[in-house]
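Accompanying notes for the structure given below.
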Amino acid sequence: MYGLYYTHRNQVLYLPLLGVRAEASIKELAAQVKLTQVYGNDRLFPIDASYSFPIPARASVCGFVMIKQDGTRVVGSVLEKQEARKTYNTAVAKGQLASLMEQQTPDIFQVSVGNIPPDEQVQIELVYATELAEDEENDSIRFHLPFHIGARYGSAPAPPSTPFLIINTSVEAVARIAKISSPSHTTTTKLGPDPALPNFKELPFSHYARVSLSSNFPLTKDFVLTVKSAGLDAPRCVAELHPTHNTAALALTLVPRFTLPDLARQEFILLVDRSGSMTNKRISAAHKALVVLLRALPHQDSLFQVVSFGSTVSELWPAGSRAYNQATLEEATRHVDGMDANYGGTEIRQALARCFRIRARDRPTSVLVLTDGEAYDVDGVLAEVSGAVKAAQERAPLRVSVLGIGNSVSTAMCEGIARVGHGALARLLQAARTPLISRITVDWGRPELEDEFELVGKSEKVVEQKSKEKQKSLNIFDEAVDPTHLDKTGPPPPHAVLPPPSDVQQSPLKIRNLFPGTRVNVYAILRGRATIPQTVTLHGSTPDGASISLPIPVTVSRLPSTPALHALAARKIIQDLEDG
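Residue numbers are given in UniProt numbering: position 202 of the sequence shown equals residue 202, and the series is strictly consecutive.
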């Protein structure tokens, strides 16, 4: 559960949520969200409360403020964990309003809040930046707010005189907005720029839109907004200069459009979550997805297997994967038709480990996972996947892709598995069938650092190919192709002494997930840079030696004043370090 809560007489109780307001600004490849929630202490005594809230796994917190009823503001700042807890404990001991924010999992943050007086209101303001995902159509993006932002627990307060929930979203597109809608809620849409914008009469009317939602009731499902506009899939690079540091943050994005022959001699393992949390609509959605996947597998020289998991794991064919043909397809289809959510808890780590043990060793293997991701051992699961992928031999690589099932799917789990598994999220079959594009690098306009930041060493084969007069090349954006408590028992650990950061920090450090129809985001922070490069270039090569060289012009970010791109880039760089 999420919200402001406290423990009283060994019971967890929730303070009433009085109102929620979300202001979102969608520009370029990202969105910035300012979330405001108002809580009231309806008890007759002061409360030492905690506050938890969900942040999409692909988001980064930019700012946090708590405001008392008398206007006193407590502004969040980043400190080392031990120092932050010491500062918080000191403030609470003095009877001051204080908060301590910690990340519990990549998509859940926890804030310890002290000394909320009786009959007092507290306003919490949270600002975060988040990537935008591609939608089902070409040149379209999808923005979502988790429904937990307005979830109420315990008794509801008296009906408010103003709406309980307000969502305002402003959209600025690179070209004319062809379509904008919310598949989840009924909204009010106004085309054109906000009249409050400077020189709004001079702005291109068709590039702007404002979408709003007002309700006296909390959300019961995620708020989703989709935008379609020409050029949203096109390669773009946006840059931002930090207001106080001598750094530039760059964000490169594209949805690749290219065709390559399917991988030959491949094994597909369909791993299906049949735990208790997959009941009703979720298992039905998994049924439908499996039927489509089974019929879309490559027919020539493919092996496949269906594995079910919950608290136990079982295979359709215990003796191993079987050749894909009409007979095995019909047997697998009958097996899928009989599936139910009756496997107990979600032990996804042991299920993945089982798949990695039984996989074929003489060919590439793609594990396609269908799950709601409702398991808590995120770090352990990601370590399991990462270790197996790294241990796979070059002639028989391993990839893991994920299809998230359900409205409250764990973005941290599902996106994390796809990220460290060198696979994709949602468009898993396209990723599984596409040959690996290797030696992918980005030239961030710092030629003097090119050798230092070469991601993969040049092999003799590549050097020989470059010596030839004519070399094959691949256009990866072909417009003709339609494709998320300290242990106090011992002394604190010693402070880590870290070397200064590199002049170029990039995430992902090694770019492996390049698939048709799946958005690719690459970030960089350049130190000692007072200017922004005019162009960055994406390089790479295909298994048959075709080269990739895609120059991308750089534009200046138009997101609000908070350094949102720096926050996103820093979060992704830290995530790389966590992934190992």
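Heads up, the beta-carbon is just placed ideally off N, CA and C, and yes, glycines get one too.
Asked: CB contact flag (aspartate 372, glycine 338, <8 Å); Found: no
Asked: Extent of the continuous alpha helix (DSSP H) to which glutamate 315 belongs; Found: Taken as a continuous stretch (DSSP letters only), glutamate 315 belongs to no alpha helix (DSSP H), being part of the beta strand (DSSP E) at 313 to 315.
Asked: Three-state class that DSSP yields for residue 588 in the structure shown; Found: The structure shown has nothing for residue 588, since the chain only spans 1 to 580.
Asked: Counted within 10 angstroms of its Cβ, other Cβ atoms place leucine 132 as buried (16 or more) or exposed; Found: buried
Asked: Residues bridged to leucine 568 [DSSP beta-bridge criterion]; Found: Answer by DSSP bridge pairing: none, since leucine 568 is not bridged.
Asked: Beta strand (DSSP E) runs wholly inside the stretch 112 to 136, at least 3 long, in chain order; Found: 121 to 131
Asked: Glutamate 202, DSSP secondary structure in three states; Found: helix
Asked: Status (buried if at least 16 other CB within 10 Å, exposed otherwise) for lysine 201; Found: exposed
Asked: Beta-carbon contacts of arginine 322 that lie in its chain and below 8 Å, excluding the five residues immediately before and after; Found: Leu303, Phe304, Gln305, Thr328
Asked: Selection from Thr537, Val522, Pro553 that minimises the alpha carbon distance to alanine 570; Found: Val522
Asked: Coarse secondary structure for serine 557, derived from DSSP in three states; Found: coil
Asked: Helix, strand or coil at glycine 19 [DSSP, three-state]; Found: strand
Asked: Proximity winner among Leu514, Ala22, Glu125, relative to phenylalanine 223 (alpha-carbon distances); Found: Ala22
Asked: Residue span of the beta strand (DSSP E) that contains arginine 265, given as start and end; Found: It is not in any beta strand (DSSP E) - arginine 265 carries neither H nor E in the DSSP assignment.
Asked: Three CB pairs or more closer than 8 Å across the stretch 232 to 252 and the stretch 17 to 33; Found: yes
Asked: Cβ separation of valine 402 and valine 369, assumed to be a contact under 8 Å, to the nearest whole Å; Found: 5 Å
Asked: Rounded straight-line distance, which links the Cα of histidine 422 to that of valine 20; Found: 38 Å
Asked: Inter-residue Cα distance where the pair is alanine 391 and glutamate 136; Found: 33 Å
Asked: Proximal residues to lysine 466 (C-beta, below 6 Å), its chain only, five neighbours per side dropped; Found: Its pLDDT being 41, under 50, lysine 466 is placed unreliably by the model, and nothing is read from it.
Asked: Sequence-distant residues of its chain with Cβ nearer than 7 Å to histidine 185 (five each side left out); Found: Leu213, Phe223
Asked: Buried/exposed call for histidine 485, threshold 16 Cβ in 10 Å; Found: Because histidine 485 sits at a pLDDT of 40, beneath the cut-off of 50, its placement in the model cannot be relied upon, and the following sentence gives the value as read from the coordinates. Histidine 485 comes out exposed.
Asked: Cβ-based neighbour list, serine 215, same chain, cut-off 7 Å, excluding 5 preceding and 5 following; Found: Pro163, Phe164, Leu165
Asked: Same chain, Cβ closer than 8 Å to glutamine 350, five either side skipped, listed in chain order; Found: Phe309, Val313
Asked: For phenylalanine 109 and serine 50, believed in contact at Cβ under 8 Å, the rounded distance; Found: About 11 Å; that fails the 8 Å criterion.
Asked: Buried/exposed call for alanine 196, threshold 16 Cβ in 10 Å; Found: exposed
Asked: C-alpha gap between alanine 35 and glutamine 326, whole angstroms; Found: Alanine is not the amino acid found at residue 35; the sequence shown has leucine there. Distance between the alpha carbons of leucine 35 and glutamine 326: 53 Å.
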